[in-house]
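Trainee:
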Amino acid sequence: MHLQPIDRWPNALRQQTAALRREIAARLQTYTGSRPNIVKPFPGMMMAELHEPTPPMSYIYEPSLSLIIQGEKRVSLGDTTYTYNESRFFLTAVNLPTIAEVPQASAEEPFLSLLITLDLPLALEVIADMEQHGSRVNPQNSGMSLGAADCSLLNAVLRYLANHDSSHNSSYVSDLIQREILYRILTSEAGSVFRETVLTGTSSQRVSIAINWLRENYVQPLSVEALAQRAGMGVSTLHHHFRRMTTMSPLQFQKHLRLYEARRLLIAEEIDASSAAIRVGYESVTQFHREYKRMFGATPIKDKAQLLAGTGNLAMAVR
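This is the structure we're talking about:
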């Protein structure tokens, strides 16, 4: 997908989006306190302010819309890396294990972002309304994708925040704005995969069943045949569509989930590598060490030491 860089946008559009981002940033920083912080001010909303770069961190994205208000972020899924900034939003249609990194941030120019969890039942209603009115959804394949963070989307997000900040907060108005945000996503460059994931019976929705099962049961031994049956697909069909959405096979996906959770345990619960390996389902500690080093570039002990010594922004790793 080709998205035009923000410096190629018409000057009037750049000015309009910049003004909207300034307003969103001001509201965001009332919650973060203009200091390094990650907060969840109300259900379905997460805000981040960082004053220093983060190293690559393990993170599992749920179905969500991520907006960078200031700065840049890199997210890797398998062998694919997405880089996005103020001009793009990042859409995740299913639960996916990633490596996320903020390459630049400072107190003078903090990294500011917000993440909105997507209401899938509400999205299904919006899709039905769109189809009734003949609105089209743009094509896309991957379980993750980028779209333009244009004025219409930013304006809806700003009004969504303003409604929650208001002393006359209205759940009815909030619901209407959420519908508009979903509409903006669905009609963007990233809309099709989200639609396919929400609609029952599509290959994407069936793969999402398999993904959700793996997310809840990654510690257990995996039978791909049983997983395919659970998703209502043949084994070869599951492999094809699973790789299309995640860039990985089901077994690789399970390995990512296990290793990401092990990394979190090493930091958050301060357990040793052997205990972490067993907790996440490895029968061979030697295999765990080998696969951990292959994924993160260092042994568990060295990786943990580097993370603890290299940055104070460990919230992304231990959430």
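Here the sequence shown is numbered in UniProt numbering, starting from 1 and rising by one per residue. Even for Gly, the Cβ is constructed at its ideal location relative to N, Cα and C.
With respect to the alpha helix (DSSP H) encompassing Ala123, which residues constitute its N-terminal and C-terminal limits?
Mentor: Run containing Ala123: 120–132, per the alpha helix (DSSP H) assignment.
Trainee: So, with DSSP's three-state summary, where would you put Ala19?
Mentor: Three-state DSSP puts Ala19 in a helix.
Trainee: Do you know offhand how far Tyr172's Cα is from Val207's?
Mentor: Taking the straight line from one Cα to the other gives about 33 Å.
Trainee: When DSSP labels each residue in this structure, what does Thr92 get in the three-state scheme?
Mentor: DSSP places Thr92 in strand when its eight states are reduced to three.
Trainee: Kindly indicate which three-state DSSP category Val39 falls into: helix, strand or coil?
Mentor: Three-state DSSP puts Val39 in a strand.
Trainee: Measuring from the CB of Ala100, is there a heavy atom of the ligand MG at a distance below 7 Å?
Mentor: With respect to small molecules bound, the structure shown includes none, and the ligand MG cannot be examined in it.
Trainee: Return the residue from the list Tyr282, Val280, Thr117, Ala268 that minimises the CA-CA distance to Leu67.
Mentor: Residue Thr117 is the option with its Cα nearest to Leu67.
Trainee: Identify the continuous alpha helix (DSSP H) that holds Ile271 and give its terminal residues.
Mentor: Careful: Ile271 lies outside any alpha helix (DSSP H) and carries neither H nor E.
Trainee: Among Glu261, Glu52, Ala26, Ile278, whose alpha-carbon lies nearest the alpha-carbon of Ser106?
Mentor: Looking at the Cα atoms, Glu52 is the closest of the given residues.
Trainee: What's the call for Asp303, buried or exposed, on a 16-neighbour Cβ count within 10 Å?
Mentor: Classification for Asp303: buried.
Trainee: I believe Lys73 touches Val102 by the beta-carbon criterion, under 8 Å. Please report the beta-carbon distance rounded to the nearest angstrom.
Mentor: About 6 Å; that satisfies the 8 Å criterion.
Trainee: Do you know offhand how far Lys293's Cα is from Leu124's?
Mentor: Between Lys293 and Leu124, the C-alpha separation is close to 41 Å.
Trainee: Can you check DSSP and say which residues form a bridge with Val75?
Mentor: DSSP lists Tyr82, Ala100 as partners of Val75.
Trainee: Starting from Ser113, trace the beta strand (DSSP E) both ways and give me its first and last residue.
Mentor: Its beta strand (DSSP E) spans residues 111–117.
Trainee: Round the Cβ separation of Ala190 and Leu146 to the nearest angstrom and send it over; I've been treating them as touching at under 8 Å.
Mentor: With 8 Å as the limit, Ala190 and Leu146 qualify as a contact, their Cβ atoms being about 6 Å apart.
Trainee: On the criterion of 16 or more Cβ atoms from any shown chain inside 10 Å, does Pro97 qualify as buried, or is it exposed?
Mentor: Classification for Pro97: buried.
Trainee: Where does the unbroken alpha helix (DSSP H) through Gln205 begin, and where does it stop?
Mentor: 203–217 is the span of the alpha helix (DSSP H), which, as asked, contains Gln205.
Trainee: With DSSP collapsed to three states, give me the class of Leu67.
Mentor: DSSP places Leu67 in strand when its eight states are reduced to three.
Trainee: So for Gly33, helix, strand or coil by DSSP?
Mentor: Coil, per DSSP.
Trainee: Cβ atoms of Thr202 and Glu196: under 8 Å apart, would you say?
Mentor: It is a contact, given that the beta carbons lie within the stated cut-off.
Trainee: For the beta strand (DSSP E) that Ala48 lies in, which residues bound it at each end?
Mentor: Start and end: 45–50.
Trainee: Would you mind sorting Ile301 into buried or exposed? The rule is 16 or more other CB atoms within 10 Å of its CB.
Mentor: When all chains shown are included, Ile301 counts as exposed.
Trainee: Let me know if Pro63 comes out buried or exposed under the rule of 16 or more other beta-carbons within 10 Å of its beta-carbon.
Mentor: Pro63 is buried by the Cβ-count criterion.
Trainee: Give me, in chain order, the residues of the same chain whose beta-carbon lies closer than 6 Å to that of Pro56; leave out the 5 immediate sequence neighbours on both sides.
Mentor: Contacts found: Ile99, Glu101.
Trainee: Can you give me the Cβ contacts of Ala226 inside the same chain, cut-off strictly under 8 Å, excluding the 5 residues immediately before and after it?
Mentor: So no residue of the chain qualifies.
Trainee: Using only the alpha-carbon positions, how far apart do Thr247 and Met295 sit?
Mentor: Those two C-alpha atoms are separated by around 15 Å.
Trainee: Please name the residue, chosen from Ile185, Ala268, Leu238, Asn163, that lies closest to Asp175 on a Cα-to-Cα basis.
Mentor: The option with the nearest alpha carbon to Asp175 is Asn163.
Trainee: What separation, rounded to the nearest whole angstrom, lies between the Cα atoms of Leu13 and Leu65?
Mentor: Those two C-alpha atoms are separated by around 22 Å.
Trainee: Please name the residue or residues paired with Met57 in a DSSP beta bridge.
Mentor: Met57 is bridged to Ala100.
Trainee: Within its chain, find whatever has a CB closer than 7 Å to the CB of residue 324; leave out the 5 residues flanking it on each side and keep chain order.
Mentor: This structure cannot settle anything about residue 324, because the visible part of the chain is limited to 1 through 319.
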